[in-house]
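Chains as they are written, first to last, in my numbering: chain A, 26 to 801; chain B, 26 to 801.
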């Protein structure tokens, strides 16, 4: 870890224990599915088994007649539309289903078994429509149009939409034609990246409660309680004052629990039944009906000078949105920003087409579009290096962003850690020394990959109360999704600012009634935004405390400091008052101390002349990263094993190094799973492997020791300089592993995942075009 | 209702519906006893069946051996001491029990039946000690001392304590000897007032939860969540950061749910078992082991001028505290302040002795010491009027406090509504016209009584958040105990200040993690204190809103007003911006709006030269009241029926007249129950009538139509001038009814309750001394 130049801290920067650690490791943490409410019913959602069909009729009479069934809902009983960017999805399909798994009805009954039985009794008569599953085919002028009434959808005006194209995002910079005209060499290659599921340990789950006025309370496994509240409000027209969303313990989300999904159906059922309703996905439901990572296709073409300078880049990207939009236009915008990589490329022409198919809708998964895009861009960089005969590291260092450079949309960068990251990663894996196999049947290779990443903005708020004994209660709207950002990071920040030990802090989080608004655990934003709000709130409380101490000690506030629980005149330890003496009388003798903090970093900017159809043009607190890998490939089977892995990450400031490392290691492990074994296998829009026997998550045996190096290039907005750290680690592994495999086998692998079959074929046959390559 | 001079309000002052009304009337409200937590155990407390005994041994081995029993606790496993004023009570009796019902052990088991079975298996071997049940006997110099190790108790230094006297409170003013020496007449009389139970619809109930660190969450039927948290902290030494108290729906409290009672045992059992524990009193447990109203004895002696001016008053009061202190010293202090009544009495000598007996501990019941003291004082006033031959109303008006007068401890009074209250009550009951019976077997009489009352201070805090649609979330630490002070009053105040309709407000209350500190629903304080904090918080949010509007409209904040959901330049309706436009972007485009308010009225003052041994010397926002009653007494049985009843009450400002009237009527009904039928019958410290067949609550058939007149003499601290309204209505009925009975039968009744037997005896035999009269 780079030594921070920050002043000596007591609590931040240290490896404090999470406040929820004991509950998590002893199995005591209470998840949404554990909750029991008096009179609670069990719900189930009835889903389409067709990828594209007209609904002729739905007969729910037998289900309704079943004793113990309390509510049955279809489009007839419950209208409403939802969607993160575009309100394109009906709560229940009325006339038409567009993907396998689309909700058609929902049932609430006295037991889960009865609910399942009732669901089976609902008869839906379909008339199949022509379906498309390949986004390139969906672009054909004569392709059937999946959404043919887009004018009736609400959505941002910036969307440029035609046929099955949901959004067409363009990034233009400089003079691309001149760049290619003046190039010494041109390198062109194509890549295809597949879909994987977030597979949190805990499937989606919610319990909806309802009061006598129809006001709904959701106990939800959500990353974004305020977002779920707003989506419910928008989808169902329920006033915000009539909805409370309380985040239950979240057993992992990884982007899969940002949208209101089960929440909407649980709320509808609870209101219809007038009783609480529990909806918990089975693993199969969760895998088959999630919103997994987007499959993407890339065609990249770079104009190069002989010395390796990248003069220009042209890129065509097709992102399969699946049947509905969710956040896909936004995610396409992120992809556009990633195509230049963290490199100075003066001339750019990037086109991202976000395209509908009859696949399941694809959505947010940690670092959305990142693993796919960085894999394509960095493999392309390796191919350039090979083509030009320049060392991979050298090529990257030659083009790397430097302090004060301008990003692809004109954003002025501050200090850039990229070159240090590259150097440290290359050193750690000893890239200069070729990998040597110790067995004739195996090949060994080393590789590395770079990327930059953003820290998402959005509102954050925090309240800090002091108790009579000087301990602290924190109310924060952010969600603790298992990263420690709240239960370690925020706790440490508050403890630091108030000069109290960590165990004297307690935190309530993610409750739309009890905590200030927050834009949710997404985009690596929690510690950066909510941490800053917490710091402000703690300083506000501290100020109120100092005011009381100043009056008591007859000193100026500015001359006071807090040392070991005593507020004292700086440098005069015997002129002090114990902390708890200032707080003890709060119930009867003095007003309660109530600190408050709100924070919003640069809001998202829209610059249509640069990026059309998307909203991401500013990377808040941009961070720079490099991963390096060493792999062993079985010459005869193509089986690849990662034997060493290094993550070098700029955290800005590591409020808790343990949890930053946890993110780095966990993200890298997920990235390794994506690169090698995990895959959602769709056949005509239907998932063929919706269980954990067939959907192959890496186990500890598949995961190497992941070494970590934290860089601390402070941001000027995050608390103590912190930047978002959650997403970057998952973004680079496919690229780094691809680089190492290419090093081992001598050819690039242009399609993910790097299965034995695929790697073996490249060993045998040399470089392939990407699966389902497409013309520029 | 007096027409208020306040500006026209939209929401306050109107009869808005409570936000929890639907839940309450449909039976959907969820009480602590309704909660189910995963793995929850059922607890029971094992109590002493002796009034005073040494514990020889406790054998809990059989209970521990019973399958399904998870935790058994006695003093061996759980130490700790508690008590509101004096920490005189062990959590579990170790060596000695001092009253029937004192906790000796507690059990948690898989079912309630198993817990009860285990409790029965615990064998306690006692050696009886001499017990005292009469507080006068307890004063005898040779009485056995119930607390003989008081030096080891923590308690305020102001307590003056000897023998069985827990506190001796004295109030001295002027020259009492001179007053009596110069008197034209001296009237002396004695009174005895009995004990009644708060009997809320819902008995005490709590569910304790515990996390992996031993942190405890209590879902409690409590009036005072922050108080329970603090008492747990003090009793068990648990840091405040390790306790959360969430008030469940409270099915009535009336002072009986101020103290941590079951809470302590539930917390201990949950921590011992490592699982949630539910403790719910049966009605019998609740009646027999509550902390009911204090039995009190009074001997009053007044020095009078011939014209009715009261020159001086000497009073000796004995208040039976029962076996432990709880809040009795404080309550004795209130009694002292009530003895002069709302009258100018220049010379005073009041002695209140708070005395221990081996009765159950007596505690807070709505208007503590008020009904007893006002009954004594006002009956004494009637006796003076009769003695001097002055009309009852005339005597009161002649001595009544007036604007700017000085209270008995030197407090300067503001505007005094007393004379208007007396006049209005006398008019309403037509006191000038004698009551006439319409049946030869019945006697009729009319009466009235006056009192003044305080509004308790204590911290209050509130948070106000604005949602994207302009609706409002309020976090308030106060408890909604069924009065509407929070769910109507606070809601209306916030709606008023922010210019939104009532249904766009939602409130979370009484949660030590989620809401700012509050000193609890006691002493008529909620609306006065928490309402003011809410007003401040709403104004803070409003200010933030106006700042945004000012920037947008390019206007000065001072020139803006909120009209019908639009922030507009005053008088220029077309230069405005809809409210929701200012709040809509809070998630992504602007910081969240977080309003905050804290409030503390004059803190309690201690003035040892005036009142020794107590803390009440200032009545915050004092209010003045008069009740009038007409009764019918059966000549042959002594049975008394209240046929008409009028409550005239100064509310300062009625934020919601419906709920002020609700307090007035509910309080009067409880007061009628106290006066006529309810009584805790103790035999050697054991309650003989611990069920609702024998403990006679008045039904609707026993309760007349209660007419209400609200006066509005604004206070300068409460919101819009509001004063506390909860306690006064329960304080006056025994006095008013005694006055009417005396009018009917021609003699005062000097002991409560006014049972047929007692009234019949007075009819037969004329005025009695108070039961168990005592010498001065």
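A virtual CB, placed ideally from N, CA and C, is assigned to each residue, including glycine.
Interface flag, residue i vs chain A, CB-CB below 7 Å
i, result
"residue 655 of chain B", "no"
"residue 69 of chain B", "no"
"residue 483 of chain B", "yes"
"residue 492 of chain B", "yes"
"residue 419 of chain B", "no"
"residue 498 of chain B", "yes"
"residue 617 of chain B", "yes"
"residue 297 of chain B", "no"
Buried versus exposed, by CB contacts within 10 Å (16 or more), residue i
i, result
"residue 477 of chain A", "buried"
"residue 225 of chain B", "buried"
"residue 688 of chain B", "buried"
"residue 61 of chain A", "exposed"
"residue 63 of chain A", "exposed"
"residue 245 of chain B", "buried"
"residue 120 of chain B", "exposed"
"residue 73 of chain B", "buried"
"residue 92 of chain B", "exposed"
"residue 305 of chain A", "buried"
Rounded distance between the beta-carbons of residue j and residue i, thought under 8 Å
i, j, result
"residue 615 of chain B", "residue 625 of chain A", "7 Å"
"residue 340 of chain B", "residue 376 of chain B", "7 Å"
"residue 399 of chain B", "residue 757 of chain B", "6 Å"
"residue 467 of chain A", "residue 270 of chain A", "Incorrect: roughly 52 Å between the Cβ atoms, too far for contact."
"residue 389 of chain B", "residue 283 of chain B", "5 Å"
Spatial neighbours of residue i in its chain, beta-carbon cut-off 6 Å, leaving aside the 5 residues before and after
i, result
"residue 102 of chain B", "none"
"residue 496 of chain B", "529"
"residue 8 of chain A", "Look at the range of chain A in this structure, 26 to 801, and you will see that residue 8 of chain A is not part of it."
"residue 819 of chain B", "The displayed coordinates of chain B run from 26 to 801. Any statement about residue 819 of chain B would go beyond what the structure contains."
"residue 326 of chain B", "213 and 339"
"residue 395 of chain A", "756"
Contact with chain B by residue i, beta-carbon distance below 7 Å
i, result
"residue 280 of chain A", "no"
"residue 332 of chain A", "no"
"residue 237 of chain A", "yes"
"residue 38 of chain A", "no"
"residue 854 of chain A", "The structure shown has nothing for residue 854 of chain A, since chain A only spans 26 to 801."
Residues near residue i in its chain [Cβ-Cβ closer than 7 Å; skip 5 each side]
i, result
"residue 311 of chain B", "228 and 229"
"residue 370 of chain A", "335, 337 and 338"
Cutoff 8 Å; reference residue i; Cβ partners in own chain excluding five residues on either side
i, result
"residue 407 of chain B", "417, 472, 763, 764, 767 and 773"
"residue 258 of chain B", "264, 265 and 268"
Just by C-beta distance, which residues in the region 589-612 of chain A are closer than 9 Å to chain B?
Of all residues in the region 589-612 of chain A, those with a C-beta nearer than 9 Å to a C-beta of chain B are 610, 611 and 612, reading in chain order.
For the region 46-66 of chain A, which residues have a beta carbon sitting closer than 7 Å to at least one beta carbon of chain B?
Flagged, chain order: 47, 48, 51, 53, 55, 59, 61 and 63.
Just by C-beta distance, which residues in the region 393-407 of chain A are closer than 9 Å to chain B?
Cβ contacts with chain B: none found.
Just by C-beta distance, which residues in the region 530-553 of chain A are closer than 9 Å to chain B?
Listed by position along the chain: 530, 531, 532, 533, 536, 537, 538, 539, 540, 541, 542, 543, 544 and 545.
Check distances from the C-beta atoms of the region 257-270 of chain B to those of chain A and list, in chain order, the residues that come in under 8 Å.
Shown in chain order are the members of the region 257-270 of chain B whose Cβ falls below 8 Å from a Cβ of chain A: 258, 264, 265, 266, 267 and 269.
Closer than 9 Å, Cβ to any Cβ of chain A: which residues of the region 90-123 of chain B, in chain order?
Residues: none.
Listed from N- to C-terminal order along the chain, which residues in the region 205-230 of chain B have their beta-carbon within a distance smaller than 7 Å of any beta-carbon of chain A?
Answer in chain order: no residues at all.
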